[in-house]
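Asker: The numbers in this note's numbering rise by one with no breaks, and the one at position 81 of the sequence shown is 119.
Dumping the structure here so I can ask a few things about it.
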Amino acid sequence: MKHLFPILFIFCGLSVWAQSPRETFALANQAYEQGQYQQSVELYQTLIDGGYESASLYYNLGNAYYRQNEAGQALLWYERAHRLAPADRDIRENLEFVYSHTEDNIETLPQFLVVRWWNAVCSIANPRGWMTILIVVLFLLGGAVVLFFLARSYQMRKAGLIASGVMTLVMMLCVGLTVSSSFSAHSRSEAIVTAPMSVIKSSPDQGSVDKFILHEGSKVKISDRVDSWLKVTIADGSKGWVSESDITII
39 MKHLFPILFI FCGLSVWAQS PRETFALANQ AYEQGQYQQS VELYQTLIDG
89 GYESASLYYN LGNAYYRQNE AGQALLWYER AHRLAPADRD IRENLEFVYS
139 HTEDNIETLP QFLVVRWWNA VCSIANPRGW MTILIVVLFL LGGAVVLFFL
189 ARSYQMRKAG LIASGVMTLV MMLCVGLTVS SSFSAHSRSE AIVTAPMSVI
239 KSSPDQGSVD KFILHEGSKV KISDRVDSWL KVTIADGSKG WVSESDITII
């Protein structure tokens with residue numbers, strides 16, 4: 039009987055990999071609906087380990103972790119889902135809801151109006167979406183240029199010139215939004231505290247002064263690294279050093 043469990047484990051593992059990703063995803067969803075949250079986590083993670091990624095996969099994994107009262111992991115996967123689908127309302131609402139129930143009540147520093155506007159516009163689409171919009175704008179710009187050079191009447195040439203100018207401005211805006219969105223989506227400068235509690239130090243040394251404490255689910259920005267210590271900043275501007283093992287990069 040001692041050898042039975044490894045054999046069963048190997049058999050179950052092979053059966054999961056023998057299934058298509060769609061079937062595994064469906065089984066994970068079914069396990070979630072039946073309240074078998076740990077099993078659903080394992081099945082979702084199997085897909086991720088196999089190289090699959092999607093907003094719905096990350097979102098569902100976040101839901102499964104939340105049902106197990108693991109706020110840190112839930113927020114981690116919600117954030118990753120949000121990067122793939124920034125305009126998804128369900129993801130945004132779940133992020134806001136779980137953040138509002140984390141233990142640390144950190145006051146966010148106010149942002150300039152232009153920065154808030156830019157971030158809001160960036161969140162309309164992911165990098166692929168902005169790239170698609172940029173390609174459409176380039177086609178429209180090309181059409182406006184052709185109209186300007188080939189039109190015979192003064193009015194049509196004038197319309198082509200104006201359209202070319204407008205499309206050029208829109209193109210420049212789309213380039214900036216595409217670059218900004220891509221940078222945000224692939225940035226490794228943000229992380230979630232996944233340890234139950236993390237003591238933030240004044241320097242990258244276990245024996246240094248304790249500055250403040252963060253609890254599971256808090257979001258931090260990383261600005262520096264020294265060995266296994268990371269320098270982080272929280273929403274209110276406070277800074278300190280945290281052990282790498284206490285956080286997970288988004």
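Just so you know, even glycine gets a beta-carbon here, dropped at the ideal spot from N, CA and C.
1) Tell me the rounded alpha-carbon separation between Ala-273 and Ala-163.
2) DSSP three-state call for Ser-218: helix, strand or coil?
3) According to DSSP, is His-139 helix, strand or coil?
4) Just reading off the beta strand (DSSP E) that Thr-84 is part of, what are its end residues?
5) Across the segment 126 to 134 and the segment 110 to 117, are there enough close Cβ pairs to call them in contact, namely three or more that are closer than 8 Å?
6) What residue from Thr-232, Ala-229, Leu-252, Glu-228 has the CA that sits closest to Lys-239's CA?
7) Asp-243: which of Trp-279, Ser-236, Met-235, Asp-262 sits nearest, CA to CA?
8) According to DSSP, simplified to helix, strand and coil, what is Val-247?
9) Could you tell me which residues DSSP puts in a beta bridge with Gly-198?
10) Grouping DSSP H, G and I as helix and E and B as strand, with all else coil, what is Ala-229?
11) Taking the DSSP output, what are the residues bridged to Leu-268?
Answerer: Quick look at the numbers:
1) Here residue 273 is taken as the residue at index 235 of the sequence shown, counted from 1. Here residue 163 is taken as the residue at index 125 of the sequence shown, counted from 1. Cα to Cα, Ala-273 sits roughly 24 Å from Ala-163.
2) What you label residue 218 is simply residue 180 of the sequence shown in a count that begins at 1. Reduced to three states, the DSSP call for Ser-218 is helix.
3) Reading the sequence shown from its first residue, position 101 is the one you call residue 139. Three-state result, His-139: coil.
4) Taking the sequence shown and counting its residues from 1, the one referred to as residue 84 is at position 46. Run containing Thr-84: none in the beta strand (DSSP E); it sits in the alpha helix (DSSP H), 75 to 87.
5) yes
6) Start at 1 with the first residue of the sequence shown, and residue 239 comes out as number 201. For the residues Thr-232, Ala-229, Leu-252, Glu-228, the minimum Cα distance to Lys-239 belongs to Leu-252.
7) In the sequence shown, counting from the first residue as 1, residue 243 sits at position 205. Closest by alpha carbon: Trp-279.
8) Within the sequence shown, residue 247 is the residue found at index 209, counting from 1. Of the three classes helix, strand and coil, the one that applies to Val-247 here is coil, per DSSP.
9) The sequence position of residue 198 within the sequence shown is 160, counting from 1. Answer is none; Gly-198 lacks a bridge partner.
10) As a first step, residue 229 is located in the sequence shown; it is residue number 191 there, counting from the start. Strand.
11) Stepping through the sequence shown from its first residue, residue 268 is reached at position 230. Partner(s): Arg-263, Val-280.
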